[in-house]
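Undergrad: Residue numbers (the working numbering): 106 to 264.
In this text, a Cβ means the ideal position worked out from N, Cα and C, and glycines have one as well.
Just so it is clear, the structure is predicted and the values come from calculations on it, not from any experiment.
I have a structure I would like to understand better, so I am pasting it below and will then ask my questions one at a time.
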Amino acid sequence: MKKNILIVYYSLQGHTKEVSNIIKDITGGDIFEIELEKPYNLFTSYTIGVVHTRTGHTPSFKNHLSNLKDYDTIFIGSPIWCFTFAPPIASFLKEYNLENKTVVPFCTHGGNYGNFFEKFKSMCPNSKVLKGIDFPNNKSKNPDNLKHLIENWLNEINI
106 MKKNILIVYY SLQGHTKEVS NIIKDITGGD IFEIELEKPY NLFTSYTIGV
156 VHTRTGHTPS FKNHLSNLKD YDTIFIGSPI WCFTFAPPIA SFLKEYNLEN
206 KTVVPFCTHG GNYGNFFEKF KSMCPNSKVL KGIDFPNNKS KNPDNLKHLI
256 ENWLNEINI
């Protein structure tokens, strides 16, 4: 039986978007890019974004997902901000009920993913959280290498 797969992501600089699109191409899943009412830019991600990450502020969405119930497996991708997921992902995890869903976290970063996976799992207490993966941005520079890493990971988690 084919699983209904959704890939949800937030991407500021394009790294997480690139990974998300490869996951979509391999799995045949649908994709949903989180957009904000008041988007961050590169400067505000280092100022306001840091404050939001540390205080737990959750920004409001410009777009919303109306058909989450149609999906069994949900990949959720984020860049790393302050050693955890970006505030838009915190907003998604608070707004949407992922109970009884299979959730697969992934992240992109410049060197250290911090407590991303632990914090992510703690925010999905009633979900089946599969083994996630991190993608250092230096590995994302070679598209063939990146695709190979993703294929191996998906095989490892049986998707």
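Specify, as a first and last residue, the run of the alpha helix (DSSP H) that Lys194 falls within.
TA: One-based indexing of the sequence shown puts residue 194 at position 89. According to the sequence provided, residue 194 is Ile. The question's Lys does not apply to it. Ile194 -> alpha helix (DSSP H) spans Pro192 to Glu200.
Undergrad: Apart from the five residues just before and just after Asn126, which ones in its own chain have a Cβ nearer than 8 Å to its Cβ?
TA: As a working note, residue 126 is residue 21 in the sequence shown. Sequence-distant Cβ neighbours of Asn126 in its own chain, meaning closer than 8 Å and more than five residues away, are Ile136.
Undergrad: May I ask you to report which of helix, strand or coil DSSP gives Lys289?
TA: Residue 289 cannot be examined here, being either before or after the span of the chain that is shown, 106 to 264.
Undergrad: Nearest-angstrom Cα distance between Met106 and Ile264?
TA: The residue labelled residue 106 in the question sits at position 1 within the sequence shown. The residue labelled residue 264 in the question sits at position 159 within the sequence shown. In this prediction, Met106 has a pLDDT of 39, which is less than 50 and means its spatial position is unreliable; what the coordinates show is noted afterwards. C-alpha separation (whole angstroms): 12 Å.
Undergrad: Counting only runs of 3+ residues fully inside the stretch 204-233, write out the beta strand (DSSP E) ranges in chain order.
TA: 207-214
Undergrad: Note the first and the last residue of the continuous alpha helix (DSSP H) segment covering Glu256.
TA: On the sequence shown, residue 256 is found 151 positions in, with the first residue counted as 1. For Glu256, the enclosing alpha helix (DSSP H) starts and ends at Pro248 to Glu261.
Undergrad: Taking Ile139 as part of the beta strand (DSSP E), name the residues at either end of that continuous run.
TA: Sequence index remark: in the sequence shown, residue 139 carries index 34 (1-based). It is not in any beta strand (DSSP E) - Ile139 carries neither H nor E in the DSSP assignment.
Undergrad: Determine the extent of the alpha helix (DSSP H) in which Ile127 is found, giving its start and end residues.
TA: For this step, residue 127 is matched to residue 22 along the sequence shown. His120 to Thr132 is the span of the alpha helix (DSSP H), which, as asked, contains Ile127.
Undergrad: To the nearest angstrom, report how far apart Ile131 and Glu256 are at their CA atoms.
TA: One-based indexing of the sequence shown puts residue 131 at position 26. One-based indexing of the sequence shown puts residue 256 at position 151. Cα to Cα, the separation comes out at about 8 Å.
Undergrad: Considering only C-alpha positions, which residue in the set Asn260, Asp249, Ile262 and Phe240 is nearest to Gly119?
TA: By 1-based counting over the sequence shown, the position of residue 119 is 14. The closest CA to that of Gly119, considering only Asn260, Asp249, Ile262 and Phe240, is found on Phe240.
Undergrad: Determine whether the beta carbon atoms of Ile128 and Ile139 lie at a separation below 7 Å.
TA: Numbered from its first residue, the sequence shown carries residue 128 at position 23. Numbered from its first residue, the sequence shown carries residue 139 at position 34. The criterion of a C-beta distance shorter than 7 Å is not satisfied by Ile128 and Ile139.
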